[in-house]
Amino acid sequence: MRILRKAIEIGLLDEGATPDRVTPEIIEEVQEAFDLETLNRAKEMGLLAEDAVKEDLTLAIRQKMIDSYLLRDAISDGFLKEGSTIEDLNNDIRQKMVDAGKMKHYSPLGEVENFTIPGESVH
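Mapped onto this note's numbering, the consecutive letters of the sequence shown carry residue numbers -17 to 105.
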């Protein structure tokens, strides 16, 4: 559904299009749009230089982006104090967030991912 929504948003498909309209070509164009959006967000966050290119957008950079959203949540939910850093967001804190039902699954763009793992509930 995320790809379908983005394809409609960027004008590749008309409003009301159904998932069966999503072709491999559309998936490729949507992924390119997500990558460019993620690259720009990483630059805004100061994780990449202004002259960075898509190839600089490594898995480690994407994970730092996700961790920054989790850090924000950990602070706002009272698991960490203001001024804490990503390094303070250790496994113990993450587990406390999971146990309290406060852990969210983010994309690098800060969108909450709605998916489930068999046997796990979505919080």
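For every residue, glycine included, the Cβ atom is placed at its ideal position computed from N, Cα and C.
Outcome for residue i when other beta-carbon atoms lying within 10 angstroms are tallied against a minimum of 16
i, result
"Leu(-6)", "buried"
"Val104", "With a pLDDT of 45 at Val104, under the threshold of 50, the predicted position of this residue should be treated as unreliable, and no value is reported."
"Val94", "exposed"
"Pro90", "buried"
Closest by C-alpha distance to residue i, when choosing among the options
i, options, result
"Asp59", "Ala82, Glu95, Ser89", "Ala82"
"Ile48", "Ile(-10), Asp2, Gly92", "Gly92"
"Glu10", "His87, Thr0, Leu(-14)", "Leu(-14)"
"Thr40", "Tyr51, Leu52, Asp17", "Asp17"
Beta-carbon spacing of residue i, residue j below 7 Å
i, j, result
"Lys25", "Glu19", "no"
Residues that DSSP places opposite residue i in a beta bridge
i, result
"Tyr88", "Val94"
Endpoints, the alpha helix (DSSP H) within which residue i is located
i, result
"Pro1", "Segment: none, Pro1 is in no alpha helix (DSSP H) and carries neither H nor E."
"Asp55", "41 to 58"
"Phe16", "6 to 26"
"Asp33", "First-last for Asp33: undefined, no H or E at that position."
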